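J.: Structure provided below as structure tokens; questions to follow.
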Amino acid sequence: MKFDVKYILGIAIILFSTGMNAQFYVGVQSGIANLQSDVKGTKSGNELGGALKAGYIYFLTDHIGIGSGVEFAQYKQKVSLNQGATTLTNFEVDASGSAFVYNVTSANYREEQTLQAIQIPLFLQYKRNINKGVDFNFRAGVKYFLPVAYKVESSASSVKGVGYYPDVNLLIDNLPEYGFGSQSNYSASGEYQTKGVLMSTFELGFTFEMGEKNALYAAMFLDTGYGSVIDQKQNESYIGYNPTAVNDRKANGLYSTDKNAKIQPVAFGLTLGWNFK
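So that you can map any letter, position 161 of the sequence shown is 329 in the numbering used here, and since no number is skipped, the others follow by simple counting.
This is how it looks when you write it as structure tokens:
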């Protein structure tokens, strides 16, 4: 993983250090951009995302070029539980240091996720003229996907936290001053801990000559991540435990319930750009 990242960054620096036979580009991407998850009991809905991109392509031959650049991308989606009222279990420690089983039941739980990332692509481009002023283009390569922020906005019509102490066979369901009990109209913000991953990237499209040194670029793209962007050491309750009250519970997010979960970015849609020399 580390070797691959250094390799991509090294090639990108070499490309940007020379301006010989280079074609610069700027553009935007828009389409479905979500985070595929294998966390059980959850479901997500697709939403529009996008990216701003800039870089350039160094031509090795009339038809083959190698390109790199930088992109700022945003992924958005809504995530919920498969069932409207669901109880999830986790282990917590209270203010006195005693461990207990923490059962959280929520009704109509929803969370809005927003992930922003820097993407560094490295790709090969094949180009062939198919008509006067029109070229066919195919790009294939990899990207280093570096999350900048992965935020969560959670809400539920009600939340109830119950503690069970197995050592003394004690169940506590209504002790608000120690964080056990019910809360209505729950809402809170949180953020996932993240790490960088590699992505494959493909683009298929056309350039339309707009002048001697300028061209309009339009294409379809598909980006697929490998490895999980979530980086956490232990399983956590999706709604955190507050040892002093039933409100102000932290939004850890549904994906925090499984530290081994695979959360992978996937995006597809349209690219519109401008090439210039």
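The C-beta atom is built at its ideal place from N, Cα and C for all residues, glycine as well.
Owing to the predicted nature of the structure, the values given are computational and were not obtained by experimental measurement.
Taking just the CA atoms, how far does Asp391 sit from Gln293?
T.: The residue you call residue 293 lines up with position 125 of the sequence shown. The residue you call residue 391 lines up with position 223 of the sequence shown. The straight-line gap from Cα to Cα measures roughly 16 Å.
J.: In terms of alpha-carbon separation, which member of Val434, Thr439, Leu438 and Asn443 lies closest to Asn214?
T.: In the sequence shown, residue 214 corresponds to position 46, counting from 1. Here the closest residue by C-alpha is Val434.
J.: By Cβ distance, which residues of its chain are closer than 6 Å to Ser125, with the 5 residues on each side in sequence left out?
T.: Outside the displayed range of the chain (169 to 445) lies residue 125, so it cannot be described from this structure.
J.: Considering only DSSP beta bridges, list what Gln242 is partnered with.
T.: Taking the sequence shown and counting its residues from 1, the one referred to as residue 242 is at position 74. BP columns for Gln242 point to Gly218 and Gln284.
J.: Could you have a look at Gln312 and say whether DSSP puts it in helix, strand or coil?
T.: Within the sequence shown, numbered from 1, the residue matching residue 312 stands at position 144. First, the amino acid is wrong: residue 312 is Tyr here, not Gln. DSSP places Tyr312 in strand when its eight states are reduced to three.
J.: Under a Cβ-count criterion, where at least 16 other Cβ atoms within 10 Å of its own Cβ denotes burial, should Ser352 be classed as buried or exposed?
T.: In the sequence shown, counting from the first residue as 1, residue 352 sits at position 184. So Ser352 counts as exposed.
J.: Can you tell me whether Pro334 is helix, strand or coil according to DSSP?
T.: Here residue 334 refers to the residue found at position 166 of the sequence shown. It is coil, neither helix nor strand.
J.: Are the stretch 241-252 and the stretch 201-216 in contact at 8 Å, needing three or more beta carbon pairs?
T.: yes
J.: Go ahead and pull the three-state DSSP assignment for Glu345.
T.: Counting from 1 along the sequence shown, the entry for residue 345 is found at position 177. Helix.
J.: Pick helix, strand or coil for Leu422, following the three-state DSSP scheme.
T.: Position 254 of the sequence shown, counting from 1, holds the residue named residue 422. In this structure, Leu422 counts as helix in the three-state DSSP scheme.
J.: Which runs of the alpha helix (DSSP H) spanning at least 4 residues fall entirely within the stretch 358-445, listed in chain order?
T.: none
J.: Below 8 Å, how does it come out for the stretch 216-236 and the stretch 259-273: are there three or more Cβ pairs, yes or no?
T.: no
J.: Looking at the secondary structure, which residues open and close the beta strand (DSSP E) in which Ala190 lies?
T.: For the purposes of this step, residue 190 is taken as the residue at position 22 of the sequence shown. Residues Ala190 to Ser205.
J.: Please go through the same chain and pick out, in chain order, the residues whose beta-carbon is closer than 8 Å to the beta-carbon of Lys418, but skip the five residues on each side of it.
T.: Locating residue 418 in the sequence shown gives position 250, counting from the first residue. Taken in chain order, the residues that qualify are Ala356, Gly358, Ile407, Gly408 and Asn410.
J.: Rounded to whole angstroms, what is the Cα-Cα separation between Leu220 and Glu377?
T.: Position 52 of the sequence shown, counting from 1, holds the residue named residue 220. Position 209 of the sequence shown, counting from 1, holds the residue named residue 377. Between Leu220 and Glu377, the alpha-carbon positions lie close to 22 Å from each other.
J.: Nearest-angstrom Cα distance between Val320 and Leu228?
T.: Within the sequence shown, residue 320 is the residue found at index 152, counting from 1. Within the sequence shown, residue 228 is the residue found at index 60, counting from 1. Going from the Cα of Val320 to the Cα of Leu228 covers about 44 Å.
J.: In chain order, what residues of the same chain lie with their CB nearer than 7 Å to the CB of Gly437, ignoring the 5 residues before and after it?
T.: Indexing the sequence shown from 1 puts residue 437 at position 269. So the list reads Gln197, Ser198, Gly199, Ile200 and Phe389, once near-sequence residues are dropped.
J.: Less than 8 Å between the CB atoms is what I'm expecting for Ser322 and Glu279, so what's the real figure, rounded?
T.: For the purposes of this step, residue 322 is taken as residue 154 along the sequence shown, with counting starting at 1. For the purposes of this step, residue 279 is taken as residue 111 along the sequence shown, with counting starting at 1. About 4 Å separates the two Cβ atoms, so the contact holds.
J.: Can you tell me whether Lys170 is buried or exposed, with buried defined as 16 or more other CB within 10 angstroms of its CB?
T.: By 1-based counting over the sequence shown, the position of residue 170 is 2. With a pLDDT of 42 at Lys170, under the threshold of 50, the modelled position of this residue cannot be trusted; read the value that follows with caution. It is exposed - the Cβ of Lys170 has fewer than 16 other Cβ atoms within 10 Å.
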